[in-house]
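Notes for the one structure printed next.
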Amino acid sequence: MGRRIKHTSRDVEELARLMMAEAIGEGAQGMSMVGSVVANRVEADCAPDFRGLRNIRHAIYQTIPGTGIPHFEPVLNGTLYTQRPTEADLQRARNLLHGHREPRARMNLWFFNPSPGKKFRAPCTPTMPRSPMTQFDHAHKSHCFYVAVPGYCPEFYR
1 MGRRIKHTSR
11 DVEELARLMM
21 AEAIGEGAQG
31 MSMVGSVVAN
41 RVEADCAPDF
51 RGLRNIRHAI
61 YQTIPGTGIP
71 HFEPVLNGTL
81 YTQRPTEADL
91 QRARNLLHGH
101 REPRARMNLW
111 FFNPSPGKKF
121 RAPCTPTMPR
131 SPMTQFDHAH
141 KSHCFYVAVP
151 GYCPEFYR
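For the sequence shown, counting from 1, position 46 maps to 46 in full-length UniProt numbering; every step adds exactly one.
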């Protein structure tokens, strides 16, 4: 269980659309793992990466510090805006916002797909690109999931 995140119906829809855009080909578990990472970032509230993310929309539209580039590819390429979530997708997002994180991704704050658009996943790197404070945790289908190095973000890793 994670912390419940205050949300609106718009937040639920945005999270469902992001989960679909990132991981629709990875089934319900893959989408829940991606959504868990986004919710974990709001819960973490640690500097410098996740300080001040007060709600799920802040996390979805967050940019890489100093670049203005969105953290999430679907925001950058626009696929976030083309998704049409079903009631099951919306319920999956609601569950995450109520604190029910995907167990396998409960401690993950980062993920990425090293081979977008490919039928295979390239090997996961020991740290996430552009995020040296990370270490590889596990892979699920096309995505690599990461946790923080020891001592980073103690607000979340208590």
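Glycine included, every Cβ here is placed at the ideal spot set by N, Cα and C.
Quiz item: Could you give the distance in angstroms between the alpha-carbon of S36 and the alpha-carbon of R4?
Solution: Counted from its first residue, the sequence shown places residue 36 at position 36. Counted from its first residue, the sequence shown places residue 4 at position 4. Put simply, the backbone Cα of S36 is about 12 Å away from that of R4.
Quiz item: What do you get for G99, buried or exposed, if any count of 16 or more other CB atoms within 10 angstroms of its CB means buried?
Solution: Translated into positions along the sequence shown, residue 99 becomes position 99. Classified as exposed, G99 has fewer than 16 neighbouring CB atoms from the shown chains inside 10 Å of its CB.
Quiz prompt | Proximity below 7 Å, CB of S32 to CB of R92 | solution = If you number the sequence shown from 1, residue 32 lands on position 32. If you number the sequence shown from 1, residue 92 lands on position 92. A distance below 7 Å separates the beta carbons of S32 and R92.
Quiz item: Whose C-beta lies closer than 6 Å to the C-beta of R101 among residues of the same chain, with five residues either side of it excluded?
Solution: The residue labelled residue 101 in the question sits at position 101 within the sequence shown. The residues are G2 and S36.
Quiz item: Can Y152 and M133 be called in contact, C-beta distance under 7 Å?
Solution: Position 152 of the sequence shown, counted from the first residue, corresponds to residue 152. Position 133 of the sequence shown, counted from the first residue, corresponds to residue 133. In contact: Y152 and M133 (Cβ atoms closer than 7 Å).
Quiz item: Which partner residues does H98 have in the DSSP bridge list?
Solution: The residue given as residue 98 occupies position 98 in the sequence shown. Partner residues in a beta bridge of H98, as assigned by DSSP, do not exist.
Self-check item: Contact the region 70-83 vs the region 16-35: 3+ CB pairs below 8 Å
Solution: Inter-segment contact for the region 70-83 and the region 16-35 is present: three or more beta-carbon pairs are separated by less than 8 Å.
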